[in-house]
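Residue numbers (the working numbering): 1 to 367.
Scroll down for the structure; my scribbles are underneath it.
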Ligand code: SF4
């Protein structure tokens, strides 16, 4: 047997045994509580991976997995989307963005539709590509859409530093970067009937497990979890163990990646380039204090919000779209009246259906 096949076999056997232990514990807890356990997976990648690997279905008899505010595109407010579209309509301006944003509907259009109307939009895989594009096209105004959480912020900080070093005068950042811990705190203010949380492994890799130790103050156990099938099962098993032992603690089931203090270099880079915004708007969660990043005063000349005039449309989201409820765990995608009818991946009404990390898309494709 070759190494890869051997590894696959071991991983398969481990998964089987872990799943059996998880099921025993899960069914025991269901008997005690008289209902299924309701857990929130905060991160959009977890939402997709639990659905794609079939684990959500396998544990569905005893665990109800709810999505949280961890898909960066899904939590982006309609006003921010509209502002990006108005930037795309400016002359001599090139929008550089991650591809996820292309088909996300705002109040009146999408970037894809704007391209069809003649706007210039370039997809990138790294923020550094946007800096390179600006350096190569000095006559074009290049605006990079900085979307994401603490995970993406270090790479964007590196781009800010590079653009500043190169003294580019045709490069700006539209910052819509958000911070996960304040959003979680805001969510936890309201009783949600949840039993525990699967915490985002990527964000914890940057911030450290310690960044989430406030969770027990709100009465919830939580576990930092990775993204491979075994990691996903291990995270659930650890969380159910905490629930069974009635321990309101923050576990780390991703300790091969996540340290207590996180990644110090990445955190320093974030602090060097970004200041914490007093208040930031989120879809579904409203205004949350200190939950977003803007550029430090040293780099404010690169802030597109201070340089361009942008319009916000008076139109709003489809009143029937339940994205705000889906990303706060208050309903499942299937409970939205538009799910699978008017709203599908080819005719998305809300961002949760079209984002690669969106709960509605994940449920439509895999569940
Ligand atoms: S199914 Fe579509 S309309 Fe409904 S919540 Fe999801 S994205 Fe919004």
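Glycine included, each C-beta is placed from N, C-alpha and C at the ideal position.
What residue range does the alpha helix (DSSP H) around residue 49 cover? The continuous alpha helix (DSSP H) containing residue 49 extends over residues 44–52.
Within this structure, are the beta carbons of residue 193 and residue 243 separated by less than 8 Å? No; because the gap between Cβ atoms is not below 8 Å, this pair is not in contact.
Closest residue to residue 51 among 135, 239, 223 and 65 (Cα-Cα distance): Ranking 135, 239, 223 and 65 by Cα distance to residue 51 puts 65 first.
Using a Cβ-Cβ cut-off of 7 Å (strictly less than) and excluding sequence neighbours within five positions of residue 339, which residues of its own chain qualify? Excluding residues up to 5 positions away in sequence, 333 and 360 lie with their Cβ nearer than 7 Å to the Cβ of residue 339 in the same chain.
Let me know the alpha helix (DSSP H) ranges lying completely inside the segment 84–132, each 4 residues or longer, listed in chain order. Here the runs fully enclosed are 111–116.
What is the rounded straight-line gap between the Cα of residue 44 and the Cα of residue 298? Distance between the alpha carbons of residue 44 and residue 298: 32 Å.
Opening and closing residue of the beta strand (DSSP E) in which residue 178 lies: First-last of the beta strand (DSSP E) with residue 178: 171–178.
Taking residue 287 as part of the beta strand (DSSP E), name the residues at either end of that continuous run. Note, residue 287: beta strand (DSSP E), 286–289.
Measuring only from the beta carbon, is residue 339 closer than 7 Å to any heavy atom that is part of the ligand SF4? Yes, the ligand SF4 has a heavy atom inside 7 Å of this Cβ.
Backbone secondary structure at residue 347 - three-state DSSP: DSSP places residue 347 in the strand class (E or B) of the three-state scheme.
Per DSSP, what kind of secondary structure is residue 145 in: helix, strand or coil? DSSP places residue 145 in strand when its eight states are reduced to three.
Based on DSSP bridge pairs, tell me the residues matched to residue 40. Residue 40 is bridged to 66 and 197.
Less than 7 Å separating the Cβ of residue 322 from some heavy atom of the ligand SF4? Answer for residue 322: yes, Cβ within range of the ligand SF4.
Classify residue 168 as helix, strand or coil using the three-state DSSP reduction. In this structure, residue 168 counts as coil in the three-state DSSP scheme.
Using only alpha-carbon positions, find the residue among 351, 241, 226 and 222 that is nearest to residue 78. The shortest C-alpha separation from residue 78 is found at 351.
What separation, rounded to the nearest whole angstrom, lies between the Cα atoms of residue 263 and residue 341? The alpha-carbon atoms of residue 263 and residue 341 are separated by roughly 44 Å.
Length of the line joining the Cα atoms of residue 257 and residue 139: If I take the Cα positions, the gap works out to 43 Å.
C-alpha distance - residue 30 paired with residue 170, whole-angstrom precision: Whole-angstrom Cα-Cα distance: 59 Å.
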